[in-house]
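Only one structure is covered here, and it is reproduced in the block below.
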Amino acid sequence: MAASKPVEPQSGSGLPRWQLALLVGTPIVLGVGAVYLWNRSRGKEKQGKRNGERKTPEGSASPVQGQHGATNPELENMSPLDRAQSAKNKGNKYFKAGKYEQAIQCYTEAISLCPKEQKGDLSTFYQNRAAAYEQQLKWTEVIQDCSQAVELNPCYVKALFRRAKALEKLGDKKECLEDVTAVCILEVFQNQQSMLLADKVLKQLGKEKAKEKYKNREPLMPSPQFIKSYFSSFTDDIISHPSAYFSGYLKAKQYMEEENYDKIISECTKEIESGGRYTAEALLLRATFYLLIGNATAAQPDLDRVINMDDASVKLRANALIKRGSMYMQQQQPQLSTQDFNMAAEIDPRNADVYHHRGQLKILLDQVEEAVGDFDECIKLRPDSALAQAQKCFALYRQAYTGNNPAQVQKAMDGFEDVIRRFPKCAEGYALYAQALTDQQQFGKADEMYDKCIELEPDNATTYVHKGLLQLQWKQDLEMGLELISKAIEIDNKCDFAYETMGTIEVQRFVMLHCFPVFLFLICNLTLSFYSYCDLYNTHFKR
Numbered sequence: 001m002a003a004s005k006p007v008e009p010q011s012g013s014g015l016p017r018w019q020l021a022l023l024v025g026t027p028i029v030l031g032v033g034a035v036y037l038w039n040r041s042r043g044k045e046k047q048g049k050r051n052g053e054r055k056t057p058e059g060s061a062s063p064v065q066g067q068h069g070a071t072n073p074e075l076e077n078m079s080p081l082d083r084a085q086s087a088k089n090k091g092n093k094y095f096k097a098g099k100y101e102q103a104i105q106c107y108t109e110a111i112s113l114c115p116k117e118q119k120g121d122l123s124t125f126y127q128n129r130a131a132a133y134e135q136q137l138k139w140t141e142v143i144q145d146c147s148q149a150v151e152l153n154p155c156y157v158k159a160l161f162r163r164a165k166a167l168e169k170l171g172d173k174k175e176c177l178e179d180v181t182a183v184c185i186l187e188v189f190q191n192q193q194s195m196l197l198a199d200k201v202l203k204q205l206g207k208e209k210a211k212e213k214y215k216n217r218e219p220l221m222p223s224p225q226f227i228k229s230y231f232s233s234f235t236d237d238i239i240s241h242p243s244a245y246f247s248g249y250l251k252a253k254q255y256m257e258e259e260n261y262d263k264i265i266s267e268c269t270k271e272i273e274s275g276g277r278y279t280a281e282a283l284l285l286r287a288t289f290y291l292l293i294g295n296a297t298a299a300q301p302d303l304d305r306v307i308n309m310d311d312a313s314v315k316l317r318a319n320a321l322i323k324r325g326s327m328y329m330q331q332q333q334p335q336l337s338t339q340d341f342n343m344a345a346e347i348d349p350r351n352a353d354v355y356h357h358r359g360q361l362k363i364l365l366d367q368v369e370e371a372v373g374d375f376d377e378c379i380k381l382r383p384d385s386a387l388a389q390a391q392k393c394f395a396l397y398r399q400a401y402t403g404n405n406p407a408q409v410q411k412a413m414d415g416f417e418d419v420i421r422r423f424p425k426c427a428e429g430y431a432l433y434a435q436a437l438t439d440q441q442q443f444g445k446a447d448e449m450y451d452k453c454i455e456l457e458p459d460n461a462t463t464y465v466h467k468g469l470l471q472l473q474w475k476q477d478l479e480m481g482l483e484l485i486s487k488a489i490e491i492d493n494k495c496d497f498a499y500e501t502m503g504t505i506e507v508q509r510f511v512m513l514h515c516f517p518v519f520l521f522l523i524c525n526l527t528l529s530f531y532s533y534c535d536l537y538n539t540h541f542k543r
């Protein structure tokens with residue numbers, strides 16, 4: 001698992017990739033951010049807590065005195081706008097009581113009563129009705145009402161975000177991304193909820209774009225360096241031991257030692273079909289190389305067979321469980337992955353690989369304390385495991401960083417320095433240290449760490465991707481960033497991380513291109529509003 005894909009923390013580890021791509025449009029972002037701040041200062045919208053969920057409608061939910069209707073003398077004396085506000089307030093009361101159909105009726109009445117020139121109030125009524133429709137899972141109606149609200153108030157963050165969520169539910173990811181990108185800009189990247197949605201949708205689009213572009217690509221063996229790195233993450237992997245121990249699939253083992261990897265699957269198949277003495281080992285080796293070429297469908301039956309073979313050694317079954325658990329994690333099935341790692345620990349509790357790879361899973365699941373415990377157990381069993389030492393440092397760093405503990409962050413950074421001093425040949429130590437340095441905006445030193453990693457493993461494609469992302473964040477150098485990611489693909493044309501990152505950047509560039517007219521419109525609104533304010537000041541005050 002360690003070498004199959006770089007560790008990508010889900011939160012609290014620097015800017016998401018979509019924000020890195022947005023840096024190429026920084027002047028536009030700043031302009032639109034100013035629009036948001038200026039509109040907010042006018043007090044037209046009450047956004048609520050910036051990090052809270054936007055579930056409730058806007059306005060007071062206080063009970064309306066008397067029965068709402070034409071026969072109420074108080075209502076008859078109200079202006080149309082006051083009557084609309086009264087209907088909205090009653091709708092809010094129904095909404096909070098969970099009576100969404102009645103709430104919708106009240107909001108509809110408010111919309112019909114509200115004077116058309118009262119655009120701010122009217123947009124609120126549409127947005128409130130959209131909130132009620134959202135509770136009923138009526139996504140099309142949500143989109144329609146939010147669109148009305150945004151047409152009346154283009155900077156209406158709540159309506160834009162609600163429409164983005166509805167668009168995602170209907171599978172319209174591109175439109176969703178445009179809306180949520182606008183929301184993040186208007187909120188000057190302060191709301192975790194909208195940023196997570198943007199990152200999630202952008203990654204999905206990037207994967208889809210990469211999958212579409214490379215769908216006809218034949219499964220290819222990754223680079224020899226990648227394969228060696230993969231096997232180096234195991235210390236108790238019987239199938240990677242010298243071939244003298246086995247004779248049934250000696251040829252496959254010999255090809256492995258010679259780095260003639262393309263012939264290994266066929267030789268293992270011969271062993272399996274002949275029912276040889278080392279069928280279990282051949283199944284595990286074949287499954288491993290199926291995983292390396294990205295054919296999980298073919299790998300799983302082989303792993304299942306090994307795991308269920310009563311006569312297979314405990315080491316073989318534990319290794320198969322670790323690899324199947326890693327496969328489940330890549331397939332975003334963390335529950336199945338956790339079950340396999342726990343089973344491996346149960347049948348082979350002295351196997352350091354179990355704790356090392358389960359620790360990586362815990363990092364990805366943001367279960368950092370448990371990850372540190374697993375790495376400690378791995379180090380206890382294998383004190384010379386450089387990978388486990390580096391991963392433990394990264395887990396401690398994540399724990400300190402997300403806990404906003406500067407003292408512990410510095411302690412973790414010192415730990416990285418100790419790891420690269422004690423294990424100067426461990427490329428992953430430099431790579432993980434570089435990720436932490438990037439978080440701390442120590443870009444120059446992070447770049448040096450990536451260079452050291454490339455020096456040790458010149459064929460490690462993922463390092464080039466990380467270095468490319470660093471150029472985007474550090475220097476906003478899109479050309480250099482894309483050049484490094486392209487270099488990664490050139491080195492290993494099976495590097496999914498490179499394809500996904502490239503696809504993500506291309507999608508974000510598409511969004512920036514298509515959102516530019518909207519951003520320009522907002523900036524123009526800011527300029528016109530500013531001059532209107534100056535005119536007002538000159539007319540009424542500067543005398």
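Numbering-wise (UniProt numbering), the sequence shown opens with residue 1 and increments by one.
Heads up, the beta-carbon is just placed ideally off N, CA and C, and yes, glycines get one too.
For Pro115, the secondary structure class from DSSP, reduced to helix, strand or coil, is coil. Per DSSP, Ala164 is one residue of the alpha helix (DSSP H) stretching across Val157 to Lys169. Cβ contact annotation for Val306 (same chain, cutoff 7 Å, sequence separation greater than five): Ala280, Leu283, Leu284, Ala312, Leu316, Arg317 and Ala320, in chain order. Excluding its 5 nearest sequence neighbours in each direction, Gln204 has C-beta neighbours in its own chain below 7 Å: Lys173, listed in chain order.
Nearest neighbour of Asp418 by Cα position, chosen from Gln441, Gln389, Gln440 and Thr438, turns out to be Gln389. Rounded to whole angstroms, the Cβ separation of Ser194 and Val201 is 11 Å, and the two are not in contact under 8 Å. In the structure shown, the three-state DSSP call for Ser79 is coil.
As the crow flies, the alpha-carbon of Ser147 is around 24 Å from that of Lys96. C-alpha of Arg162 to C-alpha of Asn191: approximately 14 Å in a straight line.
By the Cβ test, the stretch 115-132 is in contact with the stretch 145-160, since at least three Cβ pairs between them sit closer than 8 Å. For a cut-off of 8 Å, the C-beta gap from Met327 to Leu291 is around 6 Å, short enough to register as a contact. Residue environment: Ala407 is assigned as exposed (fewer than 16 neighbouring CB atoms within 10 Å of its CB, all protein chains considered). Between Gln435 and the set Lys425, Glu448 and Phe423, the nearest pair of CA atoms involves Glu448. When the alpha-carbon of Asp348 is set against those of Glu208, Ile264, Ile322 and Gly359, the nearest one is in Ile322.
Cβ contact annotation for Asp179 (same chain, cutoff 8 Å, sequence separation greater than five): Leu160, Phe161, Arg163, Ala164 and Leu167, in chain order.
Look at Ser86 here: in three-state DSSP terms it is helix.
Bounds of the alpha helix (DSSP H) holding Val409 are Pro406 to Arg422. Taking 7 Å as the cut-off, the beta carbon of Phe416 is found closer than this to the beta carbon of Cys393.
Shown here, Cys393 sits in a helix according to DSSP, grouped into three states.
Going by DSSP, Ala436 is part of the alpha helix (DSSP H) stretching over Ala427 to Asp439. With contacts defined by Cβ atoms closer than 7 Å, Leu361 and Ser337 form a contacting pair. Spatial neighbours of Gln127 in its own chain (CB-CB distance under 8 Å, excluding positions within 5 residues in sequence) are listed in chain order as Pro57, Glu58, Asp145, Cys146, Ala149, Tyr156, Lys158, Ala159 and Arg162. In terms of Cα proximity to Gln136, the closest of Gln102, Ile363, Thr124 and Gly403 is Gln102. For Glu428, the closest of Leu456, Ile143 and Glu257 by C-alpha to C-alpha distance is Leu456.
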